[in-house]
């Protein structure tokens, strides 16, 4: 039963909008961390080159 619930949960979280948001959050976190390590300030603006829609 646990495995069935895990599969259902993972399938519902793989919607297009969730994947795009997760990708953007991870990319912004990476840029922010890289800039903090290099002492150049905060995260800055992130331009999405793929033009993915935001709902």
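Residue numbers (the working numbering): 31 to 85. Ideal Cβ placement from N, Cα and C applies to all residues, glycine included.
Distance from the CA of residue 35 to the CA of residue 41, rounded to the nearest whole angstrom, comes to 10 Å.
Each residue's CA atom was taken as its position, placing residue 37 and residue 55 some 24 Å apart.
By the criterion of a C-beta distance shorter than 6 Å, residue 67 is surrounded by no residue of its chain, once the five residues flanking it on both sides are discounted.
Listed in chain order, the non-local C-beta contacts of residue 52 below 7 Å within the same chain number zero, local neighbours out to five positions each way being set aside.
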